[in-house]
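Please read the structure below before turning to the comments.
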Amino acid sequence: MFKKTETELILQLKKGSMKAFDEIYGLYARRLFAFCLKYTKSKENAEEIMEDTFVWLWNNRSTLEEADSVKPLLFLRAKHYLINAYRKVINSPVYEDYMDYLDHHNSTTADSQLEYDDFVRQLNQMLAKLPKTQQEIIRLSKLEMLNNQEIAEKLNYSEQTVKNQLSMGLKQLRQLINNRTNLMWLLFLV
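Under UniProt numbering, read the sequence shown as residues 1 to 190, first letter to last.
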């Protein structure tokens, strides 16, 4: 079958040929869809922009020049539609609500980070009140996630000593935390 040149397709399209339009659609629809999908990340939106672009081509067929190339015209028009779609999204109330949510969430995250940092600081203060051996064993067990055997090998203690020191240290730490919590409740009530 004889393939028409782009110039011939434009001439026929200008005369209102649906066959020429279908041929142009067949040549560029997939590439144009992929281009739109790259920026919209939505098949529905990409398809809508692609269709709008081809509707624009059909509605403006009489203004086409023989020397024009269809591909750059289509992609430039699709780019304009993509920009307009982006502007609509940014100015939509849903997007504004989403941005408000993100602002609130980020401030909540910052507050949570401050609370966590304060908790870690207080925990380190309480750990400092324990004997050095218990401090070291608790840090290796709970922070470095070593098991009793690994701690025993690292510190040259028996595994039973590690187990006993860990148990006593955690018991004392719990007591310190409970005392601190009770103190905080008393301050809160006063």
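For every residue, glycine included, the Cβ atom is placed at its ideal position computed from N, Cα and C. The structure displayed is predicted, hence computed values, not measured ones.
At the level of alpha carbons, what is the spacing between residue i and residue j?
i, j, result
"Leu166", "Asp117", "24 Å"
"Lys43", "His80", "18 Å"
"Ile24", "Asp52", "15 Å"
"Trp56", "Leu114", "55 Å"
"Met145", "Ala85", "51 Å"
"Asn178", "Asn124", "15 Å"
"Arg139", "Val89", "50 Å"
"Tyr157", "Arg174", "24 Å"
"Phe2", "Asp22", "Residue placement at Phe2 is flagged as unreliable, the pLDDT there being 42, under the threshold of 50; the coordinate-derived value follows with that caveat. Each residue's alpha carbon lies about 16 Å from the other."
"residue 192", "Ile137", "There is simply no residue 192 to check, as the chain begins at 1 and stops at 190 in what is shown."
"Asn60", "Asn91", "29 Å"
"Asp100", "Glu48", "29 Å"
"Leu73", "Thr5", "16 Å"
"Leu64", "Lys14", "7 Å"
"Thr7", "Asp68", "8 Å"
Run the CB neighbour count on residue i, radius 10 Å, all protein chains shown included, and call it buried at 16 or more, exposed below.
i, result
"Phe119", "exposed"
"Val162", "buried"
"Tyr28", "buried"
"Leu9", "buried"
"Gln134", "buried"
"Met18", "exposed"
"Leu183", "With a pLDDT of only 47 at Leu183, under the threshold of 50, the placement of this residue in the model should not be trusted, and no figure is reported."
"Ala78", "buried"
"Asn148", "buried"
"Ala20", "buried"
"Thr40", "buried"
Could you check which residue in the options has the C-alpha nearest to that of residue i?
i, options, result
"Gly26", "Val70, Gln149, Tyr86", "Val70"
"Lys171", "Met126, Lys154, Ser17, Gln122", "Met126"
"Ala46", "Gln175, Asn60, Ile137, Leu82", "Leu82"
"Ile16", "Pro72, Ala128, Ser62, Lys88", "The displayed chain sequence assigns Gly, not Ile, to residue 16. Nearest of Pro72, Ala128, Ser62, Lys88 to Gly16, Cα basis: Ser62."
"Glu66", "Leu140, Leu11, Lys132, Arg139", "Leu11"
"Lys142", "Met50, Arg30, Gly169", "Gly169"
"Phe75", "Glu150, Glu159, Lys38, Gln160", "Lys38"
"Ala31", "Phe54, Gln160, Thr5", "The sequence given here has Arg at residue 31, not Ala. Closest option to Arg31, Cα to Cα, is Phe54."
"Leu130", "Glu153, Leu155, Leu64, Leu176", "Leu176"
Let's see if you can read the secondary structure: which residues bound the alpha helix (DSSP H) around residue i?
i, result
"Lys79", "70–91"
"Glu6", "6–14"
"Lys38", "18–40"
"Leu155", "148–155"
"Glu44", "43–59"
"Glu144", "Counting along the chain, Glu144 falls outside any alpha helix (DSSP H), and DSSP gives it neither H nor E."
"residue 194", "The structure shown has nothing for residue 194, since the chain only spans 1 to 190."
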